[in-house]
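**Q** Residue numbers (the numbering used here): 6 to 223.
One structure is given below, represented as structure tokens, and several questions about it will come after.
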Amino acid sequence: MSAPLRIGLPKGRILDDAGELFRAAGVDLAPLRADKRRLIHPLEAEGLGPVEVLVLRASDVAPYVEHGACAVGVVGNDTLEEQQPDVLWPLDLGIGRCRMCVAGLPGVDPFSLEQPRIATKYGRVAKAHFSARGLDAHIIELSGAIELAPLVGLADAIVDIVETGETLRQNGLVVHEPIFDVSARLVVNRAALRLQMAAVRGLLERLEAAVAAREEAP
Ligand code: PRP
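Next comes the structure, spelled out in structure tokens:
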């Protein structure tokens, strides 16, 4: 019997949106909702054989895939740009869309400062963005509620994802500059592409078709 195709999915919003695409691709994620404390979910996917789904923190999916603990996973390109894992990212799933931005208080232009203090969960992305503008940003790495930092004088600006813009609005902050568009990507372990070729390709092709059908829908 072939080894199960192990899929790493991020918990939260992306998991809800991914459910529809994976169902269309023949992998029904409904059992995940029924048993939230279970860490490994064995599933049967018709035509793909046995599947195991691991529900992970968003920032842990790429390491699981890079090191081969999962053959495939779903990760935002915000996290991929930050972590730079050695994985393939062959498909844009078109879900979890948002934007990586420089944001802050309307009166404070971080690009006018010699060494702006930037609060972020995305230190590498932020450093590179300011560096490309000729600025040596001082990065303050935080793990949540980034918007608080400029409000209390901890930072001159932030680099963070903006989805609806509501968090910024409610805190009197504005986008200074968009950096790149973000969406969830299917990522694949390099070796799994050879070792589990039929299952990986099968899932990839089905998800491609599901994404195309979703984009064509009115
Ligand atoms: C993200 C991000 C912003 C918010 C943006 O945080 O860090 O705070 O979403 O969304 P909006 O533009 O629709 O308001 P998340 O909810 O992932 O929580 P976190 O701060 O714990 O990372």
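We put the beta carbon where it would ideally sit given N, CA and C, even for glycine.
By Cβ distance below 6 Å, which residues in the same chain neighbour alanine 215 in space, the five residues on each side in sequence not counted?
**A** Once the five neighbours on either side are set aside, the close Cβ partners of alanine 215 are Leu26, Ala29, Ala30.
**Q** Is it the case that the stretch 195-213 contacts the stretch 72-85, given that we only count it when at least three CB pairs across the two stretches are under 8 Å?
**A** Flag = yes, the stretch 72-85 and the stretch 195-213 touch.
**Q** Are the CB atoms of histidine 181 and alanine 162 nearer to each other than 8 Å?
**A** Yes, Cβ-Cβ distance for histidine 181 and alanine 162 is below 8 Å.
**Q** Considering only the alpha carbon of each residue, which of Ala133, Val192, Leu61, Leu10 lies closest to arginine 43?
**A** Ranking the options by Cα distance to arginine 43, first place goes to Leu61.
**Q** Looking only at C-alpha atoms, which of Leu59, Gly177, Ala150, Lys126 sits nearest to leucine 110?
**A** Nearest C-alpha to leucine 110: Gly177.
**Q** Within the continuous beta strand (DSSP E) that includes glutamate 221, where are the two ends?
**A** First-last for glutamate 221: 202-221, but that is the alpha helix (DSSP H), not the beta strand (DSSP E).
**Q** Can you check DSSP and say which residues form a bridge with alanine 108?
**A** DSSP lists Ile163, Val180 as partners of alanine 108.
**Q** From alanine 217 to leucine 98, what distance separates their C-alpha atoms?
**A** Spanning the two alpha carbons is a distance of roughly 9 Å.
**Q** Beta-carbon within less than 8 Å of leucine 130's beta-carbon, same chain only, minus the 5 sequence neighbours each way: which residues are those?
**A** Sequence inspection shows valine at residue 130; the leucine mentioned does not correspond to that position. Here the set comprises Asp83, Glu86, Glu87, Met105, Val164, Ile184.
**Q** Who's in the neighbourhood of ligand 1, going by beta-carbon under 6 Å from any heavy atom, listed in chain order?
**A** Cβ atoms closer than 6 Å to ligand 1 belong to Gly149, Ala150, Ile151, Glu152, Asp165, Ile166, Val167, Glu168, Thr169, Gly170, Glu171, Thr172.
**Q** Let me know if isoleucine 144 comes out buried or exposed under the rule of 16 or more other beta-carbons within 10 Å of its beta-carbon.
**A** Looking at its Cβ environment, which holds 16 or more other Cβ atoms inside 10 Å, isoleucine 144 is buried.
**Q** Taking the alpha carbon of aspartate 21 as the reference point, which residue from Glu213, Ala189, Glu220, Ala222 has its own alpha carbon closest?
**A** If we check each option's Cα against that of aspartate 21, Ala189 comes out closest.
**Q** Just list the beta strand (DSSP E) runs in the stretch 108-153, keeping only unbroken ones of 3 residues or longer that don't cross its boundaries, in chain order.
**A** Listed in chain order, they are 122-125, 143-146.
**Q** Mark arginine 211 as exposed unless 16 or more other C-beta atoms lie within 10 angstroms of its C-beta, in which case mark it buried.
**A** Classification of arginine 211: buried, given that the 10 Å Cβ count is 16 or more.
**Q** Secondary structure at valine 79, three-state DSSP: helix, strand or coil?
**A** Looking at valine 79 - three-state DSSP - the assignment turns out to be strand.
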